[in-house]
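Input: a single structure, listed below in structure tokens.
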Amino acid sequence: MQEAMIKRAKELLADGTVNRVMGWKKGEFAYDTTPAVFETAEEIDREFVYNDFTQANQSKYLIKESRKEGKILALLKPCDTYSFNQLVKEHRIIRENVYVIGIPGGPKIDIEKIKAKGITGITNVKNEDFTLKIETIYGVETMPFYEAISVKCESCKSKKHVVYDELIGEDGDVLDSNRFDMVEKLENMTAQERYDFWRGELSRCIRCNACRNVCPACTCENCVFDNPKSGIDQKAAADSFEENMFHIIRAFHVAGRCTDCGECSRVCPQNIPLHLLNRKFIKDINCLYGEYQAGADTTSKAPLTDYRTDDCEPSVVHERGAE
Amino acid sequence: MLKISASNLNALFDRIAEKQTLYIPVDREPNVSEYKKYESGMTMSKALNTVRSAKDFFFPQTENLAEFKMSGKTIEVKDIRKENEDFVVFGVRACDARSFGILDKVFLSEPVDSFYKNRRDHGTIVTMACTRPAETCFCTTFGIDPTVPGGDVSVFFDGENYFFLDNTPKGEAFVASVSDLLENGDASKLAEVQENARNIMKKLPLAGLSTDSFGGERLMEHFNSDKWAELSESCFGCGTCTFVCPTCQCYDIRDFDTGNGIKRFRCWDSCMYSDFTKMAHGNSRNSQLERFRQRFMHKLVYFPANNDGEFGCVGCGRCLSKCPISMNIVKVMKALEDK
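Protein sequence lines correspond, in order, to chains P and Y. For this note's numbering, add 362 to where a residue sits in the first sequence, where the first one is 1. For this note's numbering, add 251 to where a residue sits in the second sequence, where the first one is 1.
Laid out in structure tokens, this is it:
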């Protein structure tokens, strides 16, 4: 697949369709790939990589890149296309400055899940018929591929590319995913259990802002939490509940726009399952306003910014909250 | 050398915790560890290192510095400093142990930071020698020997027993306080364990990384390098690298309005943030390229320029593991080093 992508990228550079290629760059190890912009065929030959570890969603970078001169090639996994579409819808990405090739997505591997098995000194990871052969300086280890699948790919919502100019590989379908299972578990907890769950998770937050900065839905030019004039800009918690508020407010702010790309949880250095907050909102929106998938198209009205006479009454929330 | 068998380690922890607060690395998830206040029965983590570094014990993410109370037109300033209680941090790795020396240069040089000093004075650092380094380790680049970890007391594990070697008067007092639990043991196997670990360090993928191309005298050359644009292009300016880093020491001082007064606190800051060092005139670094460059120039050029050539990195590898886009000091060094 990497070869096909490299070949096509070089063709599009050569014929002038694009003047840059957004992709992933090799790192020091088998797994540490970095999103990168390539300008020449030589750079692509030398450094371009697409493998089981290229998890990063590229769409957010295209806000900036689509404002530069010329057209850029974006290689988007199915999940990335939802983020891309949503950003086009919000007039953040300039669509005509991006040439989109839809590429097959995951499941991708999370190296942390391999390390969690106590495997260390990793020099190479090979996927041999869904068994991972992990070469380390301490010898070769194996583990089933599915046990190393990243959290965001565990409950993949769609193999379908919702936007593309051309495809490499075949398009897939929207999946019947299990992504709301954990949300349902949380809903079935008592209020105290749920409170304890979230306090336990969110208390680990170190306020590095990785979740916010990676989030394709967080595109404010100056975040309220960074703006000294807002009165609530914070680099540290003023009290023990502030981290909780930060994440709850952020989830509210992206509600209806979050495509469930899973980047927030992927980047969290403290492994906080932040995506569950967003999934709760997605599930509620589906339930209260009808099925809606942010990023599925660029024209539909978003439930939370649209008014219909048959909208649910605010009291629904109130009544349900009294359970 | 004085030793305790692995099966008795918790008896030692119980004893220490009787007199002082004890922190040990504990698994939060399998092989993901964090320092926790010891409670009887806790198991020490076998993970190589904690996700957050040990700097938190001396330079916490937030701390209150002073309080101001307003009544009418008078403002009362309250000095809230109080003498810290003694505490022990057990299981610190050589990289983190070295980081305290770097932080000391910042906080203990004049004017001495009394908040930091208070904690340093009352903390005893018990280190743990490494036997199974990870691919992300590169402490040897900075002259650290992970098999001789330092701190107040060095602890070595030979697979069956933990051996104790005190390095400072504080360490001597610590060992004396638990000596009835320790016994004299044959440490002959240790040399082999250490040799083995040193050989592994030589085989690690980052073993060849060198600081030869860095230091204060390379300031303008590195500052003006055309590599920064490419290195920083994907950085989205979060603070993960700075907050998991054992040597990042920048902070901000802020006021929290309590309604009838002010609580003045300091908190970690990150040079990656847009409002870092923002002053009345505005911000001195307006692009992510400049902010990104600042972090690595500080560690590789500015810090050694001001501290007798000592670099501001200990090669713990946390930023390699945790950067959301896998950009880190190793990649920066390799891009900038003499070819």
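Using N, Cα and C, we set each Cβ at its ideal position, and we do this for glycine too. Note that this is a predicted model, so its numbers are computed, not measured.
Interface residues of chain Y facing Asp407 of chain P [CB-CB closer than 8 angstroms]: Within chain Y, no residue comes near Asp407 of chain P; the closest Cβ sits about 16 angstroms away, beyond 8 angstroms.
Give the residues from the stretch 295 to 317 of chain Y that approach chain P closer than 9 angstroms (Cβ to any Cβ), ordered along the chain. Lys297, Ala298, Leu299, Val302, Arg303, Gln312, Thr313
Can you pull the chain Y neighbours of Ile390 of chain P, defined as C-beta to C-beta under 9 angstroms? According to the sequence as given, residue 390 of chain P is Glu; it is not Ile. Within chain Y, the residues near Glu390 of chain P are Glu386, Thr387, Pro456, Leu457, Leu571, Ser577, Asn579, Val581, Lys582, Lys585.
Would DSSP call Ile611 of chain P helix, strand or coil? helix
Give me, in chain order, the residues of the same chain whose beta-carbon lies closer than 6 angstroms to that of Arg670 of chain P; leave out the 5 immediate sequence neighbours on both sides. none
In whole angstroms, give me the CA-to-CA distance for Lys642 of chain P and Ile634 of chain P. 15 angstroms
State buried or exposed for Lys519 of chain P, treating a residue as buried only when at least 16 other CB atoms are found within 10 Å of its CB. buried
Considering just the uninterrupted stretch of the alpha helix (DSSP H) at Phe643 of chain P, what are its terminal residues? 637 to 651
According to the neighbour-count rule (16 or more other Cβ atoms, all chains shown, within 10 Å of its Cβ), is Lys354 of chain Y buried or exposed? For the sequence presented, residue 354 of chain Y should be read as Leu rather than Lys. Buried.
In the stretch 567 to 596 of chain P, which residues sit with their C-beta less than 7 angstroms from some C-beta in chain Y, listed in chain order? Ile568, Cys570, Asn571, Ala572, Asn575, Val576, Asp588, Pro590
Taking only beta-carbon positions, decide if Glu685 of chain P is within less than 7 angstroms of chain Y. For Glu685 of chain P, the predicted structure reports a pLDDT of 44, less than 50, and the residue's modelled location is therefore unreliable. A value from the coordinates is still provided. So no, Glu685 of chain P is outside the interface.
At what residues does the beta strand (DSSP E) containing Arg517 of chain Y begin and finish? 512 to 519
With C-beta atoms as the reference, is Glu200 of chain Y less than 7 angstroms away from Pro456 of chain Y? This structure does not reach residue 200 of chain Y, given that chain Y is present from 252 up to 590, and the question cannot be answered.
Bridge partners for Pro276 of chain Y per DSSP, in chain order? Y:Tyr286
Who pairs with Thr375 of chain Y in a beta bridge, going by DSSP? Y:Val339
For a contact defined as C-beta to C-beta under 9 angstroms, what are the partners of Asn633 of chain P on chain Y? Arg279, Glu280, Val283, Val302
Can you confirm whether Cys489 of chain Y, when its beta carbon is compared against all beta carbons of chain P, has any partner nearer than 7 angstroms? yes
Interfacial residues, the stretch 487 to 518 of chain P to chain Y, with Cβ spacing under 9 angstroms: Thr498, Ile499, Tyr500
Only counting the same chain, and skipping five residues up and downstream in sequence, which positions put a Cβ closer than 7 angstroms to that of Leu460 of chain Y? Phe389, Thr392, Val581, Met584
Compare the Cα-Cα distances from Leu636 of chain P to each of P:Gln448, P:Cys577, P:Leu375 and report the closest residue. P:Cys577
Tell me, please, whether the CB atom of Asp394 of chain P is closer than 7 angstroms to any CB atom in chain Y? yes
Same chain only: Cβ atoms within 7 angstroms of Asn282 of chain Y, ignoring 5 sequence neighbours per side: Ala298
Quick check: what's the CA-CA separation for Gly436 of chain Y versus Ser296 of chain Y? 24 angstroms
Residue ranges of each alpha helix (DSSP H) run of no fewer than 4 residues wholly in the stretch 377 to 459 of chain P, ordered along the chain? 403 to 409, 423 to 427, 440 to 451
Put Lys320 of chain Y into one of helix, strand or coil per three-state DSSP. strand
Count the other CB atoms within 10 Å of the CB of Ser677 of chain P; is the residue buried (16 or more) or exposed (fewer)? exposed
Short of 8 angstroms in beta carbon distance, which residues of its chain neighbour Leu432 of chain Y, apart from the five on each side in sequence? Order them along the chain. Ile255, Asn259, Ala262, Leu263, Arg266
I think Val513 of chain P touches Arg370 of chain P, with their Cβ atoms under 8 angstroms apart; what is that distance to the nearest whole Å? Contact flag wrong, Cβ pair sits at about 30 angstroms.
Under 6 angstroms from any heavy atom of the ligand GDP, does the C-beta of Asp622 of chain P make it? For the structure depicted, the ligand GDP is absent and the ligand set is empty, with no information on it obtainable.
If the cut is a Cβ gap below 7 angstroms, which residues of chain Y does Ile484 of chain P touch? Glu386
When the Cα atoms are used, what is the spatial distance from Ala380 of chain Y to Thr398 of chain Y? 5 angstroms
Using a Cβ-Cβ cut-off of 7 angstroms, state whether Phe543 of chain Y counts as contacting chain P. no
Against chain Y, does Gly480 of chain P count as a neighbour if the rule is that its beta carbon must be under 7 angstroms from one of theirs? yes
For Ile376 of chain Y and Val406 of chain Y, which I take to be in contact (beta-carbon distance under 8 angstroms), what is that distance rounded to the nearest angstrom? Wrong, their Cβ atoms sit about 11 angstroms apart, outside the cutoff.
When DSSP labels each residue in this structure, what does Val513 of chain P get in the three-state scheme? helix
If contact is defined by three or more beta carbon pairs under 8 angstroms, each pair taking one atom from either stretch, is the stretch 509 to 519 of chain Y in contact with the stretch 560 to 579 of chain Y? no
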